[in-house]
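Here is the structure we will look at, set down as structure tokens.
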Amino acid sequence: MLRSTLLIFTALGVGLPLQAQQLKGRVVVTHSANAVAFATVGVKGKPVGTTTDAAGNFVLNTSASITGADSVIISCIGYRSCRTTIAALGSQPQAWALQPVTQPLQEVKVKHGRVRPATLGGKMQSGTAHWSTATRDLAAVGDDERGWEVATILPVRRNGYIDGFHFYLEQNEFKLVRLRFMLYEVANGKPTKPLLTQDIQFTVPSEQTGWASVDLRQYNLQLHKGQTVAAGIQWLQGEKLHPESSKFGGPGAFPSATHRAVVRDKSEAEWRAFPINASMYLAVQEYD
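According to mature numbering (1 follows the signal peptide of the UniProt record, and there is no 0), the stretch in the sequence shown is residues -20 to -1, 1 to 268, in order.
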């Protein structure tokens, strides 16, 4: 199984299984009817999930392996997550409320004479490996990319702040794609706690290949010497150019003794790690 997956990189009873079904709902801001656009809806620990659309609506496709007791996490950066169950989600279409979280940005103070531009991550435009939306857990439900994530794990050797995130696309068989920049703490080689307090979304034009970039200077994102982070993207919305289209991804170096790429099919699925230096990096300003 591991080898075949690597080759893709390189080339209503609680507790009882339910029949495959579609569960619908809407995600709104607490005490209002305002939609939370592109929130994630995922089954904890399983490759089942989706995202809301611009109006906050979602359709969650489940499989026969899902039970009514399975936990569902509804979340979006900048809001407190909501936890429910498949049984509750399927009882009737309803609105699920997320409470906004406000956190003041920390001011970044550095001495300009001691600031040095640097990069963290891989800058290759070709390689023996390939990260792609086509890399899937065989247990994943459906072929919808919503909630899919890929990131590169980066050790931080000096203090600094982030100027931008960049990744190289060698394949893009989609129309306009909406993505979310993700930044996590890392423990035991896997992403854990999200580090962002603001939702950073961006789009990639139809069929665009080459370098794609996100300007992050306005967010004052700091990095601290000795920490390890995972930086990457989460798929929010996209339409295939053709029914058989499936690939959106870039190159990487394999095998890599010192770098890891991580991927998961949906927002609450388990992360899978691979010895690959993916073509994505952070542009940073380092200081002592």
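Ideal Cβ placement from N, Cα and C applies to all residues, glycine included.
The model shown is predicted, which means the values in this text are computed figures rather than measured ones.
- The stretch 259 to 268 makes contact with the stretch 125 to 138, as at least three CB pairs between them are under 8 Å.
- DSSP places A109 within a strand segment (E or B) once states are collapsed to three.
- The straight-line gap separating the alpha-carbon atoms of V9 and A77 is approximately 5 Å.
- Rounded to the nearest whole angstrom, the CA to CA distance from K170 to A241 is 10 Å.
- Taking D143 as the centre and dropping the five residues before and after it, the same chain places the C-beta of L196, R197, A263, V264, Q265 closer than 7 Å to its C-beta, in chain order.
- By a beta-carbon distance limit of 8 Å, R6 contacts A75. Their separation comes to about 5 Å.
- Judged by DSSP in its simplified three-state form, G25 adopts coil rather than helix or strand.
- Under the three-state reduction of DSSP, L221 is assigned to coil, being neither helix nor strand.
- The DSSP-derived three-state label of S71 is helix.
- Annotated as proximal: L156 and P185, with beta-carbon spacing under 8 Å.
- Inter-residue distance for S12 and G102 is about 43 Å (C-alpha atoms, whole angstroms).
- Judged by DSSP secondary structure, D195 falls within the beta strand (DSSP E) whose first and last residues are 190 to 195.
- For I53, the secondary structure class from DSSP, reduced to helix, strand or coil, is strand.
- By the criterion of at least three beta-carbon pairs nearer than 8 Å, the stretch 17 to 24 is in contact with the stretch 35 to 53.
- When Cβ pairs closer than 8 Å are counted between the two stretches, the stretch 210 to 220 is seen not to touch the stretch 49 to 62, the count staying below three.
- For Q1, the CB contacts under 6 Å within the same chain, skipping 5 residues up- and downstream, are T42 in chain order.
- Using a 10 angstroms sphere on the CB of S112, the tally of other CB atoms reaches 16 or more, which defines it as buried.
- Cβ neighbours of E187 within its own chain (closer than 6 Å, five residues either side excluded): N152.
- Of the other Cβ atoms in all chains shown, fewer than 16 fall within 10 Å of the Cβ of R94; this residue is therefore exposed.
- Bounds of the beta strand (DSSP E) holding Y261 are 260 to 267.
- Residue state for I66 is assigned as helix, using DSSP reduced to three classes.
- Under the three-state reduction of DSSP, R138 is assigned to coil, being neither helix nor strand.
- Beta-bridge partners of M162 (DSSP): G212.
- A direct Cα-to-Cα measurement between H146 and V136 gives close to 17 Å.
- Using a 10 angstroms sphere on the CB of P97, the tally of other CB atoms stays under 16, which defines it as exposed.
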